[in-house]
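The next block holds one structure in the form of structure tokens; read it before the comments.
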Amino acid sequence: MTLTQTEIKELNLTTPESIDRVQRLRAAIALRKERSTVQHETMTEQPQVPPQLTDYDRKREHYKAHLIDLLEECPENAEGSPYEVIYQLDEITVYGGYEGGIRSTDHNFLLKDGVSWEDVLEMGTLSVPETNSYISNETLPQFEELGWSKMPLTHNHIVNSKNEPSVSAEELDKQLNKLVTAIQEPEMMVKSYDYDM
-9 MTLTQTEIKE LNLTTPESID RVQRLRAAIA LRKERSTVQH ETMTEQPQVP
41 PQLTDYDRKR EHYKAHLIDL LEECPENAEG SPYEVIYQLD EITVYGGYEG
91 GIRSTDHNFL LKDGVSWEDV LEMGTLSVPE TNSYISNETL PQFEELGWSK
141 MPLTHNHIVN SKNEPSVSAE ELDKQLNKLV TAIQEPEMMV KSYDYDM
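Have a look at this one:
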């Protein structure tokens, strides 16, 4: 779907890449709507008994729909290189919205009311391009080929690591004693200099 000059100006698209990205996203959305219409027509012709979904499956499907809506609203997160992936859930891939090598989309973009970090991690694969790591209990070839390291669902920088100190209690005591001493004896912290004017 080709964008008009007016649409390009309204969306403030300044590079051929950004114009192409939006055009491809619009084409994908149109294809999705077309498939949805065909699916709907097929379903109305042949009544089928819907499969019984578990609460988890229902929550997962709602979350997938939420991600698709986010990608429609934020096309910069719908395209990117394999090194820019921040989340994958089935056929849905969310990119970091990189501009000039800087990620513009935080992982909090993935959160939604009623969906915890644990849910996000359990449903899909979260990846952190800056640390070349991904969170999953399974080894995933697409990330391994990039040289990224795998972190388990139960212990990573999002779940269970915030409650554990990064240094020992003994080291914390030493650091605290140094601070207390420095506060009690401020001259230890401040050096005086004579300046010639």
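Numbering follows this note's numbering, in which position 122 of the sequence shown is assigned residue number 112; successive positions increment by one, without gaps.
By construction, the Cβ of each residue, glycine as well, lies at the ideal position given by its N, Cα and C atoms.
- Nearest neighbour of R11 by Cα position, chosen from S26, T(-8), L21 and G104, turns out to be T(-8).
- If you look at T83, you'll find it in the beta strand (DSSP E) that goes I82 to Y85.
- Counted as a single uninterrupted DSSP element, the alpha helix (DSSP H) harbouring Q(-5) occupies residues Q(-5) to E0.
- Exposed is the label assigned to V170, since fewer than 16 other Cβ atoms lie within 10 Å of its Cβ.
- Inclusion of L111 and I125 in the CB contact set at 8 Å is warranted, their separation being smaller than that value.
- A straight-line Cα-Cα distance of about 11 Å links E69 and Q13.
- The shortest CA-to-CA distance from M113 to any of P119, R16 and E128 is the one to E128.
- Taking a contact to require three or more Cβ pairs closer than 8 Å, the region 14 to 21 and the region 56 to 76 qualify as touching.
- Spanning the alpha carbons of T83 and A172 requires a straight line of approximately 51 Å.
- Its Cα nearest to that of I76, the residue S117 stands out among D45, Y88, S117 and V105.
- In the DSSP assignment, L79 falls within the unbroken beta strand (DSSP E) covering V75 to L79.
- Taking C-beta separations shorter than 6 Å and ignoring five residues to either side along the sequence, the partners of L57 in its chain run I82, following chain order.
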